Amino acid sequence: ISAKLLLLFYDSVRYAGNGLQPAVLNPSPPLLLGLRKHLAPLPAIIAGAGLLADQVFGSTQQFYQQQAITDSAVALQLSGNLKPYIVAMHGCEPFTARHFTISRSFGQFIYELDQQPVCRLLDEIIGNRQWRNQKPVSDFALGVRYPQQSNSRYSTPYVTRLINGILPNDEGIILFEPDLVEGSKVQLMQRSSASIVTSTQRQLDAVLTQMQIEQSTAVAALYFDCAGRLHSGTPEAKLVQQRLTAANIPLLGIYCGVEIAPIGQHSRSLDWSAVLILLCR
Numbered sequence: 124i125s126a127k128l129l130l131l132f133y134d135s136v137r138y139a140g141n142g143l144q145p146a147v148l149n150p151s152p153p154l155l156l157g158l159r160k161h162l163a164p165l166p167a168i169i170a171g172a173g174l175l176a177d178q179v180f181g182s183t184q185q186f187y188q189q190q191a192i193t194d195s196a197v198a199l200q201l202s203g204n205l206k207p208y209i210v211a212m213h214g215c216e217p218f219t220a221r222h223f224t225i226s227r228s229f230g231q232f233i234y235e236l237d238q239q240p241v242c243r244l245l246d247e248i249i250g251n252r253q254w255r256n257q258k259p260v261s262d263f264a265l266g267v268r269y270p271q272q273s274n275s276r277y278s279t280p281y282v283t284r285l286i287n288g289i290l291p292n293d294e295g296i297i298l299f300e301p302d303l304v305e306g307s308k309v310q311l312m313q314r315s316s317a318s319i320v321t322s323t324q325r326q327l328d329a330v331l332t333q334m335q336i337e338q339s340t341a342v343a344a345l346y347f348d349c350a351g352r353l354h355s356g357t358p359e360a361k362l363v364q365q366r367l368t369a370a371n372i373p374l375l376g377i378y379c380g381v382e383i384a385p386i387g388q389h390s391r392s393l394d395w396s397a398v399l400i401l402l403c404r
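Convert by adding 123 to the 1-based position in the sequence shown; the result is the number in our numbering.
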């Protein structure tokens, strides 16, 4: 029986932080790359979540077989009469149409965009320096737009990278993930609660309509929502719950640190987003 879906759950936090030092996170891109390279042939879709124990980046524990373990990655493979619909939900929208090229970086540290110091450039574009005082930055992020696939027009084409803060002496910015490398084209993204709600409604309409066209019946749904949106005042999770309840679709939802869904040609980790998985037959 061929696999239809691989659900990946991994610990987002490698070392818990404290008052003196920030938490050390487990980057997801190497994990996803390893799955693609060493577990081929993979199922058509990989989705999942990077787990958090709490919002202060405490250690996560997962149940695996007969024990609770930390520093782990657990995968659940689903097969049989199953057709998954996966929606990468909108999290941010472009603040400006301008595209930038990362001209100097190292891992998760970005030093220059378009050969200009990144902090100074963001000050100029945003129009103030207040964003520098936010850790993590709550209103702005960097994003990459990927080509939309014909079978997932209801998903956002953007992968957003959270800005955790700035380096000493304003040398650069610190991203949540280390996958934006020199030469990458990025946009400055802005978080908008109103836009999130509007897009959630539109994306739900699109995927439920597609399921109806393809005569697919949902038996359950999973919703992985960014924990950073928990206190943002955005009621999109409630909207998802209400729509699925009205459609008689059982829903299990969790807040997490990273959300994983296919965008472009590969599954990718997302920040400040959500992933809805509809398990259909």
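By construction, the Cβ of each residue, glycine as well, lies at the ideal position given by its N, Cα and C atoms. What you are looking at is a predicted structure, and each value in this text was computed from that prediction instead of being measured.
Beta carbon of residue i nearer than 8 Å to that of residue j
i	j	result
Tyr133	Leu162	no
Ala198	Leu131	yes
Glu359	Val320	yes
Gln388	Leu374	no
Ser392	Ser151	yes
Ile249	Leu236	no
Ser416	Ser125	Given a span of 124 to 404 for the chain in the structure shown, any question on residue 416 remains unanswerable.
Ala146	Phe347	no
Leu129	Gln200	yes
Ile214	Cys349	The question names Ile, but residue 214 in the sequence shown is Gly. Contact flag set, yes.
Leu290	Phe232	yes
Arg276	Ala329	yes
Residues bridged to residue i [DSSP beta-bridge criterion]
i	result
Gln335	Its beta-bridge partners do not exist; DSSP assigns none.
Asp348	Tyr378 and Ala397
Phe232	Phe229 and Ile297
Thr340	According to DSSP, Thr340 bridges with nothing at all.
His389	Ile386
Arg314	Cys215
Tyr133	Gly173 and Ala196
Ala126	Ser202
Tyr187	Gln190
Gln239	Leu236
Tyr269	In the DSSP output, where bridge partners are listed per residue, Tyr269 has none listed.
Thr283	Gly266
Leu303	In the DSSP output, where bridge partners are listed per residue, Leu303 has none listed.
Thr224	Lys308
Leu402	Pro207 and Ala343
Leu148	Val136
From the options, residue whose alpha carbon lies closest to that of residue i
i	options	result
Ser339	Lys127, Lys361, Pro207 and Gly214	Pro207
Leu401	Phe232, Ser278 and Leu155	Ser278
Arg227	Leu128, Val381, Val304 and Tyr346	Val304
Ile372	Tyr378, Leu345, Cys349 and Glu359	Leu345
Asn69	Asp194, Arg366, Pro280 and Gln257	Residue 69 cannot be examined here, being either before or after the span of the chain that is shown, 124 to 404.
Pro280	Gln189, Val260 and Ile209	Ile209
Ile377	Ala370, Tyr187, Lys361 and Ile386	Lys361
Ser195	Gln185, Gln189 and Leu156	Gln185
Asn292	Arg255, Arg268 and Ala369	Arg255
Arg222	Pro385, Arg268 and Gly230	Reading off the sequence shown, one finds His at residue 222, where the question assumed Arg. The residue with the shortest Cα to Cα distance from His222 is Arg268.
Leu327	Ala397, Val309, Phe229 and Cys379	Ala397
Thr193	Tyr234, Gln253, Ser135 and Ala317	Ser135
Cys403	Met334, Pro164 and Thr323	Met334
Ala369	Tyr187, Ala341 and Ser390	Ala341
Gln271	Gln253, Leu399 and Ala384	Ala384
Ala343	Leu399, Asp262 and Arg252	Leu399
Beta-carbon separation (whole angstroms), residue i vs residue j, contact threshold 8 Å
i	j	result
Leu158	Ile169	7 Å
Trp395	Ala264	6 Å
Pro301	Leu285	Contact doesn't hold; Cβ gap of about 12 Å is too wide.
Lys127	Leu205	5 Å
Ile386	Val282	6 Å
I want to know whether the stretch 347-354 touches the stretch 168-183 - three or more CB-CB distances under 8 Å.
yes
Measuring CB atoms only, is the stretch 287-302 touching the stretch 241-254, in the sense that at least three cross pairs come out at less than 8 Å?
yes
Three or more C-beta pairs under 8 Å: does that hold for the stretch 211-219 against the stretch 300-314?
yes
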